[in-house]
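Asker: One structure, pasted below without further comment.
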């Protein structure tokens, strides 16, 4: 067998699944195949909680492919590995070369062996001892630390081949996208909603997105920003369908006819209603928002209750108990922060009242809505909605 | 009809320039430094373009150095002078309303121990000549003031700087960012204005993006120039080593052709003054518009406040293919430095628009803009405060 560099991915939670584990695994490999397709052709095999991605001859950039693996939900860890013959002489000969840079950079190391193939003539402890000795004599600056080593040299002897790799990198975790159904996220262009979408995608949800555009109050650049934000989320979640709802007329009607201090809560309710209709039309089972308790006037407990009353679908708010700093931390990690802070007006900042009601009473809110031709305005907005597909960028 | 009224941001490339670019790309693609004929033909393009720009600036071709544009010209002027003049002093005097390519260069020098004095402007957007005189001392190595401000069109008293420098006995080099003034401001002659370095750009005068020039009084020779400035990039012998690298002949060809195709500066000034007056008359008939540009500003730039936030108004106009820029660079916090320096109230800054002309602008375009502006003011709602 030729030696070949491959990517090993470790399954996460789905290892705990029972009889339907297979369907989760299939989904993960399908997502992985889609995400890696841009780097060339691949073969995949799954065994013992590990997926092996074997690159075809046309794969030129294994590092970039490995980075992409780190963004596929369902895997808790990944690493590049050398796939080689199950032959102790070969393993002895190639390990030092393959991990040379990492071994030189480390001060302490340990060897961790796993022998899935029990017919292999060396036991795991024997492999560890043998390889520890080989590496120590070649790299005399190293010392062994079995508890907290800089580098763990992994030797995995599996059914068909042996795999050699260094430290495993942290994967995206979660459940494979699409394994838990579909939900629609309301996205404005701020910091929160992309993080909320990412968090729910992490739990296996496929994401649809609903964006409200209010030209001329919001610009084409503001919508482009939403495309770019979703493009980042799509690196994890796979492609996202975006529904852009024309919202100007509704916002102007609220501004012209309703009490100023209720503007925000009314706007939120109409957004939720419209999003729910679009969600239903697209087989989504829930709505997702980036709200967190107390962040702004529309996110007080009372305002949230009032917003929820407008819809019957479950509303997922994964950021509900998080501080802004915690949200920002995630947005930096998934690389949406810098885009989020581009200073364009979005639908939520248009006509912001000076003193929004923080304790809105449902009765007054409903009365205010009676001042509007709600049904016509909503159905026109839905009729004018454009749908586009956002791919990972 | 497309109605482009943002000529201070960039201008459409004129036919002459486009043809010159295309010719250089398709036919005269040689390296101007090559010794054979193909190279000499490319070099001829540079010679001709250099002459065109020198003619406009009333200077000698040897005093014109091609760069990639206004930003690079300003960077060489500020950073190159500071580096060459370091031993003569450490004070740098600029205005508080300079383009970011001057301001950011100066800020970098501040971190290297230079003292940067930023002159405030009056309510008219103009740096008072006395302020320049007060700021320049014996330790001053560079004074940089733009000829025309890019946001409000205020014409700065650049020709007063030489006197201030002389009176203080300062060794200072005088730089002028003339990107908005070139081809537009009558009497823009660095020699007569007592300016040592002057930056100009091609794409503001109907040339292509990617070309500009720096005027250096007396020319530049490594180690022996009358104006002390040093290069920022290093390489071959091109542009007297002040700006090495194989010249972008197509862009420079377009620059030269665009400058040759420009109308006479004085005649264009008269035409554009009429446009400006027509605009101001129309604006006076719309309620709630204030003009932020001073009355004696360059007529090519008119800055106004409309009472409606800049971003929705710009978007509204953009949907009618009318293009102007917001006086403030962007919404939310990034308020215009220039308008703030002029002491304008926040509401006026938030609703500022810059309308900027070229000699190609027509009265019909202005009428279109005025109609749309009035419509926008009627239909765009503002938050009820």
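Residue numbers (this note's numbering), protein chains in the order written: chain D, 49 to 441; chain R, 15 to 399.
Every residue, glycine too, gets a C-beta built ideally from N, C-alpha and C.
From a predicted model like this one, the values you see are computed outputs, not experimental measurements.
Using only the alpha-carbon positions, how far apart do residue 229 of chain R and residue 77 of chain R sit?
Answerer: Mapped onto the second chain, residue 229 of chain R falls at position 215. Mapped onto the second chain, residue 77 of chain R falls at position 63. Using only the alpha carbons, I get a separation of about 5 Å.
Asker: Cα separation between residue 89 of chain D and residue 99 of chain D?
Answerer: By 1-based counting over the first chain, the position of residue 89 of chain D is 41. By 1-based counting over the first chain, the position of residue 99 of chain D is 51. Approximately 16 Å, taken between the alpha carbons.
Asker: For the segment 41-129 of chain R, list the beta strand (DSSP E) runs that are entirely contained and at least 3 residues long, ordered along the chain.
Answerer: If we require 3 residues or more, the beta strand (DSSP E) runs fully inside the segment 41-129 of chain R come out as 78-81, 105-109.
Asker: Taking just the CA atoms, how far does residue 380 of chain D sit from residue 157 of chain D?
Answerer: Within the first chain, residue 157 of chain D is the residue found at index 109, counting from 1. Within the first chain, residue 380 of chain D is the residue found at index 332, counting from 1. Their Cα atoms are separated by approximately 31 Å.
Asker: Which residue spans inside the segment 364-390 of chain D form an unbroken alpha helix (DSSP H) run of at least 4?
Answerer: Qualifying alpha helix (DSSP H) stretches, in chain order: 372-381, 385-388.
Asker: Rounded to a whole number of angstroms, what is the C-alpha to C-alpha distance between residue 329 of chain D and residue 319 of chain D?
Answerer: Position 281 of the first chain, counted from the first residue, corresponds to residue 329 of chain D. Position 271 of the first chain, counted from the first residue, corresponds to residue 319 of chain D. If I take the Cα positions, the gap works out to 15 Å.
Asker: Please confirm whether residue 393 of chain D has its beta-carbon closer than 8 Å to some beta-carbon of chain R.
Answerer: In the first chain, counting from the first residue as 1, residue 393 of chain D sits at position 345. For residue 393 of chain D, the answer is yes, since a Cβ of chain R falls inside 8 Å of its Cβ.
Asker: If I measure Cβ to Cβ from residue 85 of chain R and keep anything under 6 Å in the same chain, skipping five residues before and after, which residues do I get?
Answerer: As a first step, residue 85 of chain R is located in the second chain; it is residue number 71 there, counting from the start. Correct list, in chain order: 115.
Asker: Anything in chain R within Cβ reach of residue 300 of chain D, meaning under 8 Å, just list it in chain order.
Answerer: Indexing the first chain from 1 puts residue 300 of chain D at position 252. Going along chain R in sequence order, the residues near residue 300 of chain D (Cβ under 8 Å) are 395.
Asker: Starting from the Cα of residue 71 of chain D, find the closest Cα among D:227, D:80, D:198 and give me that residue.
Answerer: Along the first chain, one-based indexing puts residue 71 of chain D at 23. That would be D:227, whose Cα lies nearest to the Cα of residue 71 of chain D.
Asker: List the DSSP bridge partners of residue 91 of chain D.
Answerer: Taking the first chain and counting its residues from 1, one reaches residue 91 of chain D at position 43. According to DSSP, which records beta bridges pairwise, residue 91 of chain D is partnered with D:102.
Asker: Short of 8 Å in beta carbon distance, which residues of its chain neighbour residue 392 of chain D, apart from the five on each side in sequence? Order them along the chain.
Answerer: One-based indexing of the first chain puts residue 392 of chain D at position 344. Within the same chain, residue 392 of chain D has close Cβ partners 237, 266, 267, 269, 270, 273.
Asker: What did DSSP end up calling residue 347 of chain R once you bin it into helix, strand or coil?
Answerer: Numbered from 1 along the second chain, position 333 holds the residue referred to as residue 347 of chain R. Summary for residue 347 of chain R: the model assigns pLDDT 46, below 50, so the residue's position carries little reliability; its value from the coordinates is reported in the next sentence. In the structure shown, residue 347 of chain R sits in coil (DSSP, three-state: anything other than H, G, I, E or B).
Asker: Which bits of chain R does residue 404 of chain D rub up against, with CB to CB less than 8 Å?
Answerer: Here the question's residue 404 of chain D lines up with position 356 in the first chain. By Cβ distance, chain R contributes nothing, its closest Cβ being about 11 Å from residue 404 of chain D, past 8 Å.
Asker: Does the beta carbon of residue 326 of chain R sit closer than 8 Å to a beta carbon anywhere in chain D?
Answerer: Residue 326 of chain R sits at position 312 when you count from the first residue of the second chain. Yes, residue 326 of chain R lies at the interface with chain D (some Cβ there is under 8 Å from its Cβ).
Asker: Measure the beta-carbon distance from residue 257 of chain D to residue 121 of chain D and round it to whole angstroms, keeping in mind my assumption that it falls under 8 Å.
Answerer: On the first chain, residue 257 of chain D is found 209 positions in, with the first residue counted as 1. On the first chain, residue 121 of chain D is found 73 positions in, with the first residue counted as 1. Contact doesn't hold; Cβ gap of about 17 Å is too wide.
Asker: If the criterion is Cβ atoms closer than 8 Å, does the pair residue 97 of chain D and residue 58 of chain D meet it?
Answerer: On the first chain, residue 97 of chain D is found 49 positions in, with the first residue counted as 1. On the first chain, residue 58 of chain D is found 10 positions in, with the first residue counted as 1. A contact, by the Cβ cut-off of 8 Å.
Asker: Using 10 angstroms around the beta-carbon of residue 126 of chain D, count the other beta-carbons present and answer buried if the total reaches 16, otherwise exposed.
Answerer: On the first chain, position 78 is the one that residue 126 of chain D refers to. So residue 126 of chain D counts as buried.
Asker: Measure the alpha-carbon distance for residue 321 of chain D versus residue 300 of chain R and round it to whole angstroms.
Answerer: In the first chain, the residue the question calls residue 321 of chain D occupies position 273. In the second chain, the residue the question calls residue 300 of chain R occupies position 286. Going from the Cα of residue 321 of chain D to the Cα of residue 300 of chain R covers about 40 Å.
Asker: Residues in its own chain within less than 6 Å of residue 384 of chain R by CB, not counting five upstream and five downstream?
Answerer: As a working note, residue 384 of chain R is residue 370 in the second chain. Closer than 6 Å at Cβ, skipping near neighbours: 296.
Asker: Specify, as a first and last residue, the run of the alpha helix (DSSP H) that residue 148 of chain D falls within.
Answerer: By one-based count along the first chain, residue 148 of chain D stands at place 100. It spans 148-153 - the alpha helix (DSSP H) in which residue 148 of chain D sits, taken as one unbroken run.
Asker: Restricting to runs no shorter than 3 residues, where is the beta strand (DSSP E) found entirely within the segment 273-312 of chain D?
Answerer: Qualifying beta strand (DSSP E) stretches, in chain order: 288-294.
Asker: Assuming the contact rule is C-beta atoms closer than 8 Å, residue 311 of chain R and residue 169 of chain R should be a hit. Round their C-beta distance to whole Å, please.
Answerer: As a first step, residue 311 of chain R is located in the second chain; it is residue number 297 there, counting from the start. As a first step, residue 169 of chain R is located in the second chain; it is residue number 155 there, counting from the start. 6 Å between Cβ atoms; contact.
Asker: What distance in whole Å lies between the Cβ atoms of residue 413 of chain D and residue 314 of chain D, which are believed to be in contact at a cut-off of 8 Å?
Answerer: To locate residue 314 of chain D, count along the first chain from 1; it is residue 266. To locate residue 413 of chain D, count along the first chain from 1; it is residue 365. That belief holds up - the Cβ atoms of residue 314 of chain D and residue 413 of chain D are roughly 7 Å apart, short of 8 Å.
Asker: Residue 107 of chain D by DSSP, collapsed to three states: which one?
Answerer: The residue you call residue 107 of chain D lines up with position 59 of the first chain. Coil at residue 107 of chain D, not helix or strand.
Asker: Pull up the distance between the alpha-carbon of residue 426 of chain D and that of residue 298 of chain D, whole angstroms please.
Answerer: Numbered from 1 along the first chain, position 378 holds the residue referred to as residue 426 of chain D. Numbered from 1 along the first chain, position 250 holds the residue referred to as residue 298 of chain D. Distance between the alpha carbons of residue 426 of chain D and residue 298 of chain D is about 8 Å.
Asker: Would you list, in chain order, the members of the segment 307-328 of chain D that have their beta-carbon closer than 7 Å to a beta-carbon of chain R?
Answerer: Answer in chain order: 308.
Asker: Restricting to runs no shorter than 4 residues, where is the alpha helix (DSSP H) found entirely within the segment 246-316 of chain R?
Answerer: Taking only runs of at least 4 residues, the alpha helix (DSSP H) segments lying wholly in the segment 246-316 of chain R are 263-275, 279-298.
Asker: Would you identify the three-state DSSP class for residue 355 of chain D, choosing helix, strand or coil?
Answerer: On the first chain, residue 355 of chain D is found 307 positions in, with the first residue counted as 1. Three-state result, residue 355 of chain D: helix.
Asker: Please confirm whether residue 206 of chain D and residue 95 of chain D have their CB atoms less than 8 Å apart.
Answerer: Here residue 206 of chain D is taken as the residue at index 158 of the first chain, counted from 1. Here residue 95 of chain D is taken as the residue at index 47 of the first chain, counted from 1. Cβ distance < 8 Å, so residue 206 of chain D and residue 95 of chain D count as in contact.
Asker: Identify the continuous beta strand (DSSP E) that holds residue 426 of chain D and give its terminal residues.
Answerer: Along the first chain, one-based indexing puts residue 426 of chain D at 378. Where residue 426 of chain D is concerned, there is no enclosing beta strand (DSSP E), although the alpha helix (DSSP H) it sits in stretches over 422-431.
Asker: Considering only heavy atoms of the ligand NAD, does any lie closer than 7 Å to the CB of residue 282 of chain R?
Answerer: Only the bare structure without any ligand can be found here, which leaves the ligand NAD out of the picture.
Asker: Beta-carbon of residue 342 of chain R versus every beta-carbon of chain D: anything under 8 Å?
Answerer: On the second chain, position 328 is the one that residue 342 of chain R refers to. Confidence in residue 342 of chain R is poor, its pLDDT being 46 and thus under 50, which makes the residue's placement unreliable; the coordinate value appears in the next sentence. Residue 342 of chain R does not count as touching chain D.
Asker: Could you say if the segment 151-169 of chain R and the segment 321-338 of chain R meet the contact criterion of at least three C-beta pairs nearer than 8 Å?
Answerer: They do not touch, by the three-pair rule.
Asker: Quick one: give me the first and last residue of the beta strand (DSSP E) that residue 153 of chain R is part of.
Answerer: As a first step, residue 153 of chain R is located in the second chain; it is residue number 139 there, counting from the start. Neither: residue 153 of chain R is in no beta strand (DSSP E) and is coded neither H nor E.
Asker: Compute the Euclidean distance between the alpha carbons of residue 74 of chain D and residue 245 of chain D, then round it to the nearest angstrom.
Answerer: The residue labelled residue 74 of chain D in the question sits at position 26 within the first chain. The residue labelled residue 245 of chain D in the question sits at position 197 within the first chain. The straight-line gap from Cα to Cα measures roughly 23 Å.
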